[in-house]
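Visitor: For the sequence shown, position 28 matches number 47 in our numbering, and the numbering has no gaps at all.
Glycine included, every Cβ here is placed at the ideal spot set by N, Cα and C.
Attaching a single structure in structure tokens format; questions to follow.
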Amino acid sequence: MAVVFYNQKSWTPSKTNCILAVDFNLLIFSVPHNSPASTELWQTGYQWLRELGVDINKNFCRQEITAHPDYPALTALTDFLQVGGMDYQAVQADASYINEFNYPLLAHIKVPGREHIQIINEPADWDKQKEITQHWSGVVIYPDEASNWYNNENSEYVKKENRNKAKSYLLLAAALVILIVAIAYNPTLVFGFMGLLSLAGLVVSLLITGTEIGVQNNIVKQVCGAVSSGGCGGVLKTHYAKAIAGFTIGDISVIYFGSQFSTVFLSILHPPLFNAIFLFCLPGLVVAGWSIYTQAVQIKQWCGLCLAIVALLILQFFMAASYIYPLGFNSLLDIPAIMFFAGLATLLSLVLYPVKKMFITNFSNAQKVAELKNWKMDGDLFLAQWEREQTVDTSLWENELLIGNPEAPVKLTVTCNPYCGPCATAHKELEKMMHKYKNTFCVQVRFLCVAANEKDKTTIAVKAILQKAREVSKENIAEMLSDWFKYMNYETWILKWKTSNMITVAPDLEKHQDWIKENDIQFTPTFFLNGKKLPSRYSLQDLEELVPQLAMEFAERHVK
Numbered sequence: 020m021a022v023v024f025y026n027q028k029s030w031t032p033s034k035t036n037c038i039l040a041v042d043f044n045l046l047i048f049s050v051p052h053n054s055p056a057s058t059e060l061w062q063t064g065y066q067w068l069r070e071l072g073v074d075i076n077k078n079f080c081r082q083e084i085t086a087h088p089d090y091p092a093l094t095a096l097t098d099f100l101q102v103g104g105m106d107y108q109a110v111q112a113d114a115s116y117i118n119e120f121n122y123p124l125l126a127h128i129k130v131p132g133r134e135h136i137q138i139i140n141e142p143a144d145w146d147k148q149k150e151i152t153q154h155w156s157g158v159v160i161y162p163d164e165a166s167n168w169y170n171n172e173n174s175e176y177v178k179k180e181n182r183n184k185a186k187s188y189l190l191l192a193a194a195l196v197i198l199i200v201a202i203a204y205n206p207t208l209v210f211g212f213m214g215l216l217s218l219a220g221l222v223v224s225l226l227i228t229g230t231e232i233g234v235q236n237n238i239v240k241q242v243c244g245a246v247s248s249g250g251c252g253g254v255l256k257t258h259y260a261k262a263i264a265g266f267t268i269g270d271i272s273v274i275y276f277g278s279q280f281s282t283v284f285l286s287i288l289h290p291p292l293f294n295a296i297f298l299f300c301l302p303g304l305v306v307a308g309w310s311i312y313t314q315a316v317q318i319k320q321w322c323g324l325c326l327a328i329v330a331l332l333i334l335q336f337f338m339a340a341s342y343i344y345p346l347g348f349n350s351l352l353d354i355p356a357i358m359f360f361a362g363l364a365t366l367l368s369l370v371l372y373p374v375k376k377m378f379i380t381n382f383s384n385a386q387k388v389a390e391l392k393n394w395k396m397d398g399d400l401f402l403a404q405w406e407r408e409q410t411v412d413t414s415l416w417e418n419e420l421l422i423g424n425p426e427a428p429v430k431l432t433v434t435c436n437p438y439c440g441p442c443a444t445a446h447k448e449l450e451k452m453m454h455k456y457k458n459t460f461c462v463q464v465r466f467l468c469v470a471a472n473e474k475d476k477t478t479i480a481v482k483a484i485l486q487k488a489r490e491v492s493k494e495n496i497a498e499m500l501s502d503w504f505k506y507m508n509y510e511t512w513i514l515k516w517k518t519s520n521m522i523t524v525a526p527d528l529e530k531h532q533d534w535i536k537e538n539d540i541q542f543t544p545t546f547f548l549n550g551k552k553l554p555s556r557y558s559l560q561d562l563e564e565l566v567p568q569l570a571m572e573f574a575e576r577h578v579k
């Protein structure tokens, strides 16, 4: 069987070696949870990009791929590759071609009852697992040589994740320094061990609270996944994990261990405070027993983080019991110390409640933004709005200012003022889109000018640009316009792009002026997509992610 190459932009087979067209929208992966290939499509795509050396944020990857209207079809992944400007090949072939692919690659496996994609790291892997060779559909996706994936929004996600990690490490380091200082003042085994247990409890409690809010954490997933297939969320979302007055088990745990850790440190200033800690450790055995009973009997599911808290409470109980026995229970009854511990817990409660509420609000807002983005990425919804927009004539003129392939299925017409700051910002975005989508996307530029006023600085700039466009090749028009919007200064620009006044562009100036007036352009930049105004709810960033879907739609309309 010959190889069939599929165009990565439109998913139509090339004429060379064509034997069968595959509709990638039909490759939908529905995998049972008990299946060895139960990893979701976005997770496999994320892991594959990581193995290719791409610094990709997991949350961004999940959000973008799952928000695709075709998810979990393979086009959700391939469109995501285009969002990052990756050059890749999607082919259908037989086993005789496996040594000609670039690795690692993604192979489509079609087992009776389910479908999935699998990462193949090297040619030898094909023979290591019989299921691959037996059920491979022949479809693979692999990157071109030296191709890469890059996206500005992903970079911001990566930076934010790194900042959050740095903050977490700094807070943990600060807590350890505080503990070390406290132990230096009271270098006893009991003091040091209690300090470590209270810090460990505080860290685990914060992880529980984060899980309750919905924060994704790899450590939590690994711990909870090892204990229960349902994870910790299954336990923490039950009514047993809800306490009183809006506080959850996680909140109470944070307050308890936070108060405990603070008291350990402050006890170096007032030693009787340390005894109050042991007094509050005694009821911990009852709490631990209740937690075990609830998970085992009532919920019938285990929470790894909750079990960690249980273990800490039991350890602290026996430690307190062994500490109290030789001294007597009355030695712990220091009323001022008890009142201090209770007051500290109350203060933490007052601080924690609004802080957690703020985090919940921010997380909820982030979810709503993701949902809005999901809606915006639906090509059909976009087209429904686009059809109702203002229609303009964007037919190509002679000596047109056009960047890219004039036969591209997606053509964006932008009206500009040469001295407009937002136009310069938009031009940078358009350059990125041109680089990313190459033959799929082109840009047509129409300038605001006053043709009759040769002394107007706008007219002088547009005239010079049009004159130079006559002299340079089509490939250099992009660089020329890029330099203009980089400098937005006639004297600086003209030093590089010297023009000839012998070239007459007066008719072209009038064309630009008349087109702007006829179409009632009120502000710049204004965008028109394939002859219709870009819907106001959509930005260039939104359009950038829609280009692959729109290219397919407009290409089909052109064929019809």
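Could you tell me which residues DSSP pairs with THR267 in its beta bridges?
Guide: For THR267, which the question treats as bridged, DSSP gives the partners LYS261.
Visitor: Mind pulling the beta strand (DSSP E) runs of 3 or more residues that sit fully within the region 406 to 465?
Guide: Whole beta strand (DSSP E) segments, 3+ residues: 429 to 435.
Visitor: Cβ of GLY252 within 7 angstroms of any heavy atom in the ligand GTP?
Guide: Looking for the ligand GTP in the displayed structure turns up nothing, as the structure carries no ligands at all.
Visitor: To the nearest angstrom, how far is it from the Cα of TYR312 to the Cα of VAL234?
Guide: C-alpha separation (whole angstroms): 27 angstroms.
Visitor: Do the CB positions of PHE547 and VAL429 come within less than 8 angstroms of each other?
Guide: Contact: no.
Visitor: Return the chain-ordered ranges of every alpha helix (DSSP H) run that is complete within the region 89 to 142 and spans a minimum of 4 residues.
Guide: Here the runs fully enclosed are 93 to 102.
Visitor: Relative to the C-alpha of VAL306, which candidate in GLN320, LEU285, ILE287 and LEU331 has its C-alpha closest?
Guide: When only C-alpha atoms are compared, the closest one is LEU331.
Visitor: The alpha helix (DSSP H) spanning PRO526 covers which residue range?
Guide: Residues 525 to 537.
Visitor: Less than 8 angstroms between the beta carbons of ASN76 and ASN173, yes or no?
Guide: Yes, the pair counts as a contact, with Cβ atoms nearer than the cut-off.
Visitor: Can you have a look at GLY269 and say buried or exposed, based on whether 16 or more other CB atoms are within 10 angstroms of its CB?
Guide: By the 10 Å Cβ count, GLY269 comes out buried.
Visitor: Closest by CA to ALA193, which one among LYS552, GLN486, PHE284 and HIS446?
Guide: When each option's Cα is compared against that of ALA193, the closest is PHE284.
Visitor: Roughly how many angstroms separate the alpha carbons of ASN53 and ARG133, rounded to a whole number?
Guide: Confidence at ASN53 is low in this model, with a pLDDT of 34, below 50, so the placement of that residue should be treated as unreliable; the coordinate-derived value is given next. Going by the C-alpha atoms only, they are around 12 angstroms apart.
Visitor: Measuring only the C-alpha atoms, how far is LYS487 from THR545?
Guide: Each residue's alpha carbon lies about 24 angstroms from the other.
Visitor: Since VAL159 sits in a beta bridge, which residues does DSSP pair it with?
Guide: Note: VAL159 sits in a beta bridge opposite VAL110 and ALA126.
Visitor: Could you tell me the alpha carbon to alpha carbon distance between LEU431 and ARG465, rounded to whole angstroms?
Guide: In a straight line, the C-alpha of LEU431 is about 11 angstroms away from that of ARG465.
Visitor: Would you report the Cα separation of PHE360 and THR380, rounded to the nearest angstrom?
Guide: Distance between the alpha carbons of PHE360 and THR380 is about 30 angstroms.
Visitor: I'd like the span of the alpha helix (DSSP H) that includes THR545, first residue to last.
Guide: Element bounds for THR545: not the alpha helix (DSSP H) but the beta strand (DSSP E), 545 to 548.
Visitor: Short check: CB of LEU191 to CB of GLY214, under 8 angstroms?
Guide: Contact flag unset, no.
Visitor: Where does LYS319 fall in DSSP's three states?
Guide: Three-state DSSP puts LYS319 in coil, outside helix and strand.
Visitor: State buried or exposed for SER341, treating a residue as buried only when at least 16 other CB atoms are found within 10 Å of its CB.
Guide: With fewer than 16 Cβ atoms within 10 Å of its Cβ, SER341 is classed as exposed.
Visitor: For GLY64, count the other beta carbons within 10 Å of its own beta carbon; 16 or more makes it buried, fewer makes it exposed. Which is it?
Guide: Counting Cβ neighbours within 10 Å, GLY64 comes out buried, since at least 16 surround it.
Visitor: If you draw a straight line from the C-alpha of VAL196 to the C-alpha of ALA203, how long is it?
Guide: Their backbone Cα atoms lie some 10 angstroms apart in a straight line.
Visitor: Would you give the residue range spanned by the alpha helix (DSSP H) that SER492 belongs to?
Guide: Note, SER492: premise wrong, no alpha helix (DSSP H); not H, not E.
Visitor: Look at the alpha carbon of PRO567 and the alpha carbon of ILE151, and state the distance between them as a whole number of angstroms.
Guide: Taking the straight line joining both Cα atoms gives about 30 angstroms.
Visitor: Please report how far the alpha carbon of ASN121 lies from the alpha carbon of GLY252, in whole angstroms.
Guide: Going by the C-alpha atoms only, they are around 40 angstroms apart.
Visitor: Beta carbon of LEU5, beta carbon of TYR107: below 8 angstroms?
Guide: In the structure as shown, the chain starts at 20 and stops at 579, and residue 5 therefore has no counterpart that could be examined.
Visitor: Excluding sequence positions up to five away, which residues of its chain have a Cβ less than 8 angstroms from the Cβ of LEU500?
Guide: Cβ within range, chain order: LEU420, ILE422, HIS446, VAL464 and ILE484.
Visitor: Rounded to a whole number of angstroms, what is the C-alpha to C-alpha distance between GLU406 and MET452?
Guide: Cα-Cα distance, rounded: 23 angstroms.
Visitor: Would you tell me roughly how many angstroms separate the C-alpha atoms of GLN335 and ARG81, rounded to the nearest one?
Guide: When rounded, the distance between both Cα atoms is 41 angstroms.
Visitor: By DSSP's criteria, LYS552 is part of a beta bridge. Which residues make up the other side?
Guide: DSSP, once it has assigned bridges, lists PHE547 as partnering LYS552.
Visitor: The alpha helix (DSSP H) with GLU175 in it runs from where to where?
Guide: 171 to 204 is the span of the alpha helix (DSSP H), which, as asked, contains GLU175.
Visitor: Spatial neighbours of LEU559 within its chain, please: C-beta separation below 8 angstroms, excluding the five flanking residues on both sides.
Guide: Around LEU559: ALA445, GLU448, LEU449, MET452 and PHE546.
Visitor: Classify HIS52 as helix, strand or coil using the three-state DSSP reduction.
Guide: Caution is warranted here: a pLDDT of 33 is assigned to HIS52, below 50, making its placement in the model unreliable, and no coordinate value can be reported.
Visitor: Where ASN118 and PRO142 are concerned, what is the direct C-alpha to C-alpha distance, given to the nearest angstrom?
Guide: Cα to Cα, ASN118 sits roughly 6 angstroms from PRO142.
Visitor: Whole angstroms are fine: how far does the CA of ALA114 sit from the CA of ALA219?
Guide: Approximately 53 angstroms, taken between the alpha carbons.
Visitor: Between LEU125, LYS179, VAL110 and PRO91, which has its C-alpha nearest ASN78's C-alpha?
Guide: Answer by Cα proximity: LYS179.
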